[in-house]
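Colleague: First the structure, which I've put down as structure tokens, then a few questions once you've had a look.
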Amino acid sequence: MPPRSKVASLPKAVKDWLDKALAENNFSEYESLAAELSAQGYSISKSALHRYGQDFESKLSALKMASEQARAVVAAAPDEEGAVNEALMRLVQEHLFKLLMTEGDNKFDLPKVAKAVAELGKASVVQKKWQAEWRERTEAAAARVEKIAKKGGLSADTVDEIRREILGMAS
Numbered sequence: 017m018p019p020r021s022k023v024a025s026l027p028k029a030v031k032d033w034l035d036k037a038l039a040e041n042n043f044s045e046y047e048s049l050a051a052e053l054s055a056q057g058y059s060i061s062k063s064a065l066h067r068y069g070q071d072f073e074s075k076l077s078a079l080k081m082a083s084e085q086a087r088a089v090v091a092a093a094p095d096e097e098g099a100v101n102e103a104l105m106r107l108v109q110e111h112l113f114k115l116l117m118t119e120g121d122n123k124f125d126l127p128k129v130a131k132a133v134a135e136l137g138k139a140s141v142v143q144k145k146w147q148a149e150w151r152e153r154t155e156a157a158a159a160r161v162e163k164i165a166k167k168g169g170l171s172a173d174t175v176d177e178i179r180r181e182i183l184g185m186a187s
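Read left to right, the sequence shown gives residues 17 to 187 (this note's numbering).
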């Protein structure tokens, strides 16, 4: 097993500074970052910083892409039934499973992962309840519209088409 990254063992404040500096410098200037860390008493090579920077840049890029895609999906298809939330929960669930499968002997905070899984389960239950309530309200609205349309003298085909359109929003 390879040795633990020296960057990962930096104190939180120093690592936060490094992450910010990497992003601000467009993931370059590793020599000057190594010199700055050395001046603060941390011996980390520019190669180690570069390896960390590449991984960090990749994760940051993936996060930005996911955010942009989520915004595009919501803009293209307004999410009245919560499908985006459901998809997001599934993605988080998948990521947690991958984390558990690939971490092996590496250390990670199991209580935090367990809490995340529990919160994901709660969110899923709330999402399902909300979807069921939304469908019920939509079906009730469709029934009211159908009743009014029949009273108004619309043909059975027209009433059926209106009902299908309303319920199509709930499917």
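All C-beta atoms, glycine included, are put in the ideal place defined by N, C-alpha and C. For clarity, every value in this text was computed on a predicted model and none was experimentally measured.
If you draw a straight line from the alpha carbon of residue 137 to that of residue 125, how long is it in whole angstroms?
Modeller: Using only the alpha carbons, I get a separation of about 19 Å.
Colleague: Residue 39 and residue 79 - do their beta-carbons sit closer together than 8 Å?
Modeller: Contact: no.
Colleague: Examine the Cβ distances between the segment 19-35 and the segment 58-70 and report whether three or more of them are shorter than 8 Å.
Modeller: Contact holds: three or more Cβ-Cβ distances are below 8 Å.
Colleague: Compute the Euclidean distance between the alpha carbons of residue 173 and residue 162, then round it to the nearest angstrom.
Modeller: Cα-Cα distance, rounded: 11 Å.
Colleague: Near residue 187, which residues of its chain fall below 6 Å by C-beta distance, leaving aside the five closest residues on each side in sequence?
Modeller: Caution is warranted here: a pLDDT of 48 is assigned to residue 187, below 50, making its placement in the model unreliable, and no coordinate value can be reported.
Colleague: Please return the same chain residues whose Cβ sits closer than 8 Å to the Cβ of residue 139, not counting the five positions on each side in sequence.
Modeller: Taken in chain order, the residues that qualify are 101, 105.
Colleague: Count the other C-beta atoms from every protein chain shown that fall within 10 angstroms of the C-beta of residue 60, then say buried if there are 16 or more, exposed otherwise.
Modeller: The residue in question, residue 60, is buried, as its Cβ has 16 or more Cβ neighbours within 10 Å.
Colleague: Is the distance from the Cβ of residue 49 to the Cβ of residue 64 below 8 Å?
Modeller: Not in contact: residue 49 and residue 64 (Cβ atoms no closer than 8 Å).
Colleague: Please state whether DSSP places residue 36 in a helix, a strand or coil.
Modeller: Reduced to three states, the DSSP call for residue 36 is helix.
Colleague: State the Cα-Cα distance for the pair residue 164 and residue 184, rounded to the nearest angstrom.
Modeller: Computed Cα separation, rounded: 19 Å.
Colleague: Where does residue 26 sit, in a helix, a strand or coil, going by DSSP?
Modeller: DSSP places residue 26 in coil when its eight states are reduced to three.
Colleague: List in chain order: all unbroken alpha helix (DSSP H) runs of 4+ residues lying wholly within the segment 36-105.
Modeller: Runs found: 46-55, 62-92.
Colleague: Please report the straight-line C-alpha distance between residue 178 and residue 118, rounded to a whole angstrom.
Modeller: Distance between the alpha carbons of residue 178 and residue 118 is about 51 Å.
Colleague: Return the CA-CA distance between residue 159 and residue 145, expressed in angstroms with no decimal places.
Modeller: Approximately 21 Å between the Cα atoms of the pair.
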